[in-house]
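As numbered in the UniProt record's numbering, residues 1 to 290 make up the sequence shown, in order. Structure first, commentary second.
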Amino acid sequence: MNAIDLAPMHRETLTGYIGDIDRLEAIFAAWDETQRSAVEAYRRAIEDLQAEAFRRLVRSLKSDPAALETMKQAVADEIVYAVLRHHNILKPSLSERVETALDSVRPMLAAHGGDVELVSVTPPAIEVRFTGACDGCPASALTFHAGVKKAIEEACPEITEILQVKGACSGAQKDSVRFISPFALGSVDGWHLVCRLDEIPQGGISTRTVGGESVILSRQGAIVSCFQNACAHLGLEIDGGIVENGIITCPWHGFQYDLATGECLTAPEVQLQSHGVKVVGNRVEVRLAT
1 MNAIDLAPMH RETLTGYIGD IDRLEAIFAA WDETQRSAVE AYRRAIEDLQ
51 AEAFRRLVRS LKSDPAALET MKQAVADEIV YAVLRHHNIL KPSLSERVET
101 ALDSVRPMLA AHGGDVELVS VTPPAIEVRF TGACDGCPAS ALTFHAGVKK
151 AIEEACPEIT EILQVKGACS GAQKDSVRFI SPFALGSVDG WHLVCRLDEI
201 PQGGISTRTV GGESVILSRQ GAIVSCFQNA CAHLGLEIDG GIVENGIITC
251 PWHGFQYDLA TGECLTAPEV QLQSHGVKVV GNRVEVRLAT
């Protein structure tokens, strides 16, 4: 096999890790079938070993209530969540399964210039809305029952009521969900309305108090992250720090953190405490980590 010449890998965020994998897969795609088969067998062997290790670790932690609680907190980290989901250690959340069901019918809707979006998840009911050409189409009722409703019922049998919301919204709380933290998918309770999306400066931070706790919110487009307003070094408030290129520098001792993930770039073994966040219409809601 030819030597692989890659630039130093930048892995501060989940996106960075995924980018590394994508670049390697692009290289493998140019190899012949024998080489690709060897790499694939090697990958499967490693992943099988890792998956078994994770399963044994989780079984051990579940036997100790304190350790189980710590494990739940660890899953709030997006990279931990993504890896455990990849190995099927964590089962897909209800929202993920609904979105997968909607993805199965989206090609059919797109062929007619339309789409469908998930509006709300309040088990055992959910709300969806047609957009584009499908919104108000005379055949939308048939499309809803034969396509959308059937797909959701098959993927999520615990959902017994599937409602079609018409128009821009069906009430103050029926705006479409524009973004939600991966580790907060499916969470129904514990959300706090904290501010409007436009109150968080693009590329900057905003400080709020949620449930008596000071938090910082960072915004990149409609994607918002939320962390405890405390440096992982000594617990001092970090909101007075300089923010540049998605990185905040603690004003006390210079520790730097990636505002997309909370990872500490100065001491990688620590990170900011993350909280669940979702953007519903123009509203930003936060769910404190337990």
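For every residue, glycine included, the Cβ atom is placed at its ideal position computed from N, Cα and C.
Residue range of the unbroken beta strand (DSSP E) whose run includes residue i
{"i": "leucine 118", "result": "114-122"}
{"i": "histidine 275", "result": "274-280"}
{"i": "glutamate 99", "result": "That residue, glutamate 99, is in no beta strand (DSSP E); its alpha helix (DSSP H) goes 94-110."}
{"i": "isoleucine 248", "result": "247-249"}
{"i": "isoleucine 223", "result": "223-228"}
{"i": "glutamate 216", "result": "Contrary to the premise, residue 216 reads as isoleucine rather than glutamate in this sequence. Counting along the chain, the beta strand (DSSP E) containing isoleucine 216 begins and ends at 213-220."}
{"i": "glutamate 263", "result": "Premise fails: glutamate 263 is in no beta strand (DSSP E) and is neither H nor E."}
{"i": "aspartate 244", "result": "Note that residue 244 is glutamate in the sequence shown, not aspartate. Here the beta strand (DSSP E) through glutamate 244 covers 242-244."}
{"i": "glutamate 161", "result": "161-164"}
{"i": "glutamate 285", "result": "283-287"}
Rounded Cβ spacing between residue i and residue j (contact assumed at less than 8 Å)
{"i": "valine 98", "j": "valine 116", "result": "That belief does not hold up - the Cβ atoms of valine 98 and valine 116 are roughly 11 Å apart, past 8 Å."}
{"i": "alanine 232", "j": "leucine 272", "result": "6 Å"}
{"i": "threonine 100", "j": "alanine 155", "result": "6 Å"}
Residues near residue i in its chain [Cβ-Cβ closer than 6 Å; skip 5 each side]
{"i": "histidine 87", "result": "Ala51, Phe54"}
{"i": "histidine 192", "result": "Val210, Val286"}
{"i": "glutamine 256", "result": "Ile247, Thr249, Leu265, Thr266"}
{"i": "glycine 240", "result": "Pro251"}
{"i": "leucine 68", "result": "Leu61, Lys62"}
{"i": "serine 218", "result": "Ile205, Ser225, Leu259"}
{"i": "arginine 129", "result": "Glu117, Val119, Val165"}
Own chain, CB closer than 7 Å to residue i, minus 5 neighbours either side, in chain order
{"i": "alanine 41", "result": "none"}
{"i": "alanine 133", "result": "His112, Gly113, Gly114"}
{"i": "lysine 174", "result": "With a pLDDT of 48 at lysine 174, under the threshold of 50, the modelled position of that residue is not reliable, and the figure given next carries that caveat. The residues are Val119, Ser120, Glu127, Val165."}
{"i": "valine 80", "result": "Ala74"}
{"i": "arginine 36", "result": "Phe28"}
{"i": "glutamate 161", "result": "Pro124, Ala125"}
Own chain residues within Cβ distance below 8 Å of residue i, not counting five before or after
{"i": "serine 214", "result": "Thr207, Arg208, Gln228, Asn229, Ala230, Glu237, Asp239"}
{"i": "glutamine 202", "result": "Arg219, Gln220, Gly221"}
{"i": "threonine 131", "result": "Gly114, Asp115, Val116, Glu117"}
Residue from the options whose Cα sits closest to the Cα of residue i
{"i": "proline 157", "options": "Ala289, Arg196, Ser95, Leu288", "result": "Ser95"}
{"i": "proline 123", "options": "Asp103, Arg106, Ile89, Ser93", "result": "Ser93"}
{"i": "glutamate 153", "options": "Gln220, Ser104, Leu90, Ile216", "result": "Ser104"}
{"i": "histidine 253", "options": "Gly235, Ala125, Leu90, Glu244", "result": "Gly235"}
{"i": "valine 279", "options": "Ile180, Gly212, Glu244, Asp189", "result": "Ile180"}
{"i": "glycine 190", "options": "Gly276, Glu244, Ile162", "result": "Gly276"}
{"i": "arginine 106", "options": "Arg85, Glu78, Ala125, Gly147", "result": "Gly147"}
{"i": "alanine 125", "options": "Met108, Glu263, Leu163, Glu244", "result": "Leu163"}
{"i": "valine 243", "options": "Glu78, Pro65, Ile216", "result": "Ile216"}
{"i": "isoleucine 21", "options": "Arg43, Arg56, Glu199", "result": "Arg43"}
{"i": "methionine 108", "options": "Leu84, Ala151, Arg56, Leu90", "result": "Ala151"}
Start and end residues, alpha helix (DSSP H) containing residue i
{"i": "alanine 133", "result": "Note, alanine 133: premise wrong, no alpha helix (DSSP H); not H, not E."}
{"i": "isoleucine 205", "result": "Unbroken run through isoleucine 205 is the beta strand (DSSP E), 205-210; no alpha helix (DSSP H)."}
{"i": "glutamate 154", "result": "150-155"}
Which runs of the alpha helix (DSSP H) spanning at least 4 residues fall entirely within the stretch 19-78, listed in chain order? 33-62, 65-74
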